[in-house]
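Undergrad:
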Amino acid sequence: MYRDFAITEVAYLLHLRLVKTHNNISADYVCPFCGKKKLNVNLTNNKFRCAACGEYGNALTLYAKLNGLSNSEAYKKLKDEEEITSIGYITQSPQPVAEKKVYVPDTELRALLNAFGLSYAHRENLKSRGLSDSQIEKYNFKSLLLIGQSNILNGLRQKGIDIEKIPGVYKEFSSYKLNCSGKGILVPSYYDGKLRGVQIRLDKYSKRKYIWLSATAKGGVSSGSPVTYLKGTEKEKILFVTEGILKAIIFHELTGCSVVGVPGVDCQTELPKIFTETRCEYIANVFDMDYLTNPNVKKAENKLKNCAEKHNKKYIRLVWDKEYKGIDDYLSSSKDYVMNGLKCLKA
């Protein structure tokens with residue numbers, strides 16, 4: 036059984052930025068997942084929750100998520116930290132955090148992806164999910180390997196790329212490294228044509244199959260957990276919303292429809308801006324079919340519905356055969372009537 040670690044000490048170890056304290060009962064930090072000043076930590080139960088992106092957990096899971104580790108691996112590392120105790124106090128002073136324009140590392144991330152190749156196994160995996168070779172090249176999927184990363188980063192520096200702006204890059208002594216814990220597929224996250232972040236679809240994982248390329252815990256740049264927004268035609272009446280970056284890409288390529296892929300069902304902070312700007316009349320929810328059994332997904336669906344209606348959009352929920360959990364699995368099952376049905380919706 037895991038022992039409780041003081042969440043404030045773990046936050047200090049992770050270099051999280053303290054914003055405000057509440058009488059040594061709780062404290063607010065800059066969220067390492069979304070960049071908002073909304074991460075609240077509770078000193079009584081050693082738990083955290085971000086009011087902006089919805090990430091939550093305890094001291095152990097916070098450390099694990101930011102370092103791409105399993106809970107057992109994180110526990111072993113934290114246990115080796117002699118200064119981590121089960122009782123936490125606020126030892127930092129709150130620091131003013133100025134609102135600043137978010138930098139979009141499109142150029143730097145494209146340069147990083149171009150430096151990697153794509154393995155045969157990963158290409159076949161993507162093709163099995165419904166993508167063609169040309170579509171795979173279009174989005175620039177790549178394979179993340181654990182060897183040769185420093186050489187790649189040094190090569191980018193020599194070409195004039197500011198690698199310190201790349202989420203996931205950190206400096207250790209005199210060399211630059213990528214903060215990653217395993218091999219996998221690099222999945223790019225695009226917003227209206229701009230590359231804003233990259234997820235890793237891990238080949239081997241314990242709990243989290245997808246992690247962001249991010250180095251907040253090691254003094255580098257955070258990914259910010261951006262949504263993916265892929266547009267169809269200007270005349271479309273429906274904007275689809277799904278969970279997952281890769282899922283959104285597959286959905287868009289198989290249907291041609293406009294789609295937003297949120298990194299988690301509860302990560303909806305960017306949706307109000309998108310709903311305000313889009314001319315679509317309908318917001319179509321295509322979250323996974325486990326909303327029937329998962330209360331967290333059901334709660335997130337209600338949140339999405341309220342957001343759509345608040346922005347004067349008509350809300351609809353698409354359902355499909357429960358044998359297929361995700362809409363991407365259903366679409367790639369080669370059922371012609373599915374495609375015909377989506378074409379009718381678009382019309």
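So this note's numbering is basically just the index in the sequence shown, starting at one, shifted up by 35. Heads up, the beta-carbon is just placed ideally off N, CA and C, and yes, glycines get one too.
1. So, using beta-carbon positions, are V65 and V76 closer together than 8 Å?
2. What does a CB cutoff of less than 8 Å around T311 pick up in its chain, not counting 5 residues either side in sequence?
3. Using a Cβ-Cβ cutoff of less than 8 Å, which residues in the same chain neighbour P261 once the five nearest sequence positions on both sides are dropped?
4. Would you kindly work out how many angstroms separate the C-alpha atoms of E118 and L101, rounded to a whole number?
5. According to the neighbour-count rule (16 or more other Cβ atoms, all chains shown, within 10 Å of its Cβ), is A86 buried or exposed?
6. T43: buried (16+ other C-beta within 10 angstroms of its C-beta) or exposed?
7. Which two residues bound the contiguous beta strand (DSSP E) that contains G232?
8. In chain order, which beta strand (DSSP E) runs of at least 3 residues are fully inside the stretch 248-332?
9. Does the beta-carbon distance from A283 to V295 come in below 8 Å?
10. Can you tell me whether E288 is buried or exposed? The criterion is at least 16 other CB atoms within 10 Å of its CB, across all chains shown.
11. Would you report the Cα separation of D63 and R52, rounded to the nearest angstrom?
12. Would the beta-carbon of S249 fall within 8 Å of that of S258?
13. Could you please give the first and the last residue of the uninterrupted alpha helix (DSSP H) stretch that includes E207?
14. Closer than 8 Å by C-beta to A343: which residues in its own chain qualify, once you throw out the five before and the five after it? Chain order, please.
15. Compare the C-alpha of A41 against each of L95, G89, K272 and name the closest.
16. Give me, in chain order, the residues of the same chain whose beta-carbon lies closer than 6 Å to that of A99; leave out the 5 immediate sequence neighbours on both sides.
17. Please report the distance separating the alpha-carbon of T11 from that of L161.
18. Who are T96's beta bridge partners in DSSP?
19. For L104, which of C215, K266, L221, Y365 has the nearest alpha-carbon?
20. List the DSSP bridge partners of D63.
21. Between the alpha carbons of Y138 and Y155, how many angstroms are there, rounded?
22. In whole angstroms, what is the alpha-carbon distance linking E278 and S178?
23. Got a sec? Which residues, its chain only, sit under 7 Å from K420 by beta carbon, not counting five neighbours each side?
24. If you drop the 5 nearest sequence neighbours on each side, which residues of the same chain put their C-beta closer than 6 Å to that of Y245?
25. Suppose the cutoff is 7 Å on Cβ atoms and the five residues either side in sequence are ignored; what does the same chain contact list for K212 look like?
26. Can you pull the DSSP bridge partners for V222?
27. Which residue's Cα is closest to the Cα of K112: I171, T79, L48, L153?
28. Within this structure, are the beta carbons of N189 and L148 separated by less than 8 Å?
29. Consider the Cβ of K72: report whether some Cβ of chain C lies at a distance smaller than 8 Å.
30. Just curious, the alpha helix (DSSP H) that Y110 is in, first and last residue?
TA: This is what the structure gives:
1. no
2. H346
3. S224, Y226, R231, G232, P298, E305
4. Caution applies to E118, whose pLDDT of 45 falls short of 50 and renders its modelled position unreliable; the value that the coordinates give is listed next. If I take the Cα positions, the gap works out to 19 Å.
5. exposed
6. buried
7. 229-237
8. 263-265, 273-278, 293-297, 317-320
9. yes
10. buried
11. 9 Å
12. yes
13. First-last for E207: 204-207, but that is the beta strand (DSSP E), not the alpha helix (DSSP H).
14. F310, I318, K349, Y350
15. L95
16. N106, A109
17. Residue 11 lies beyond the residue range present for the chain, which begins at 36 and ends at 382; the question has no answer from this structure.
18. In DSSP, T96 forms no bridge with anything.
19. C215
20. K55, N75
21. 34 Å
22. 22 Å
23. Any answer about residue 420 is impossible in this case: the structure gives the chain only from 36 up to 382.
24. Q234, R236
25. Q184, S185, Y205
26. Q234
27. L48
28. no
29. Among the protein chains of the structure shown there is no chain C, as only one such chain exists.
30. 106-114
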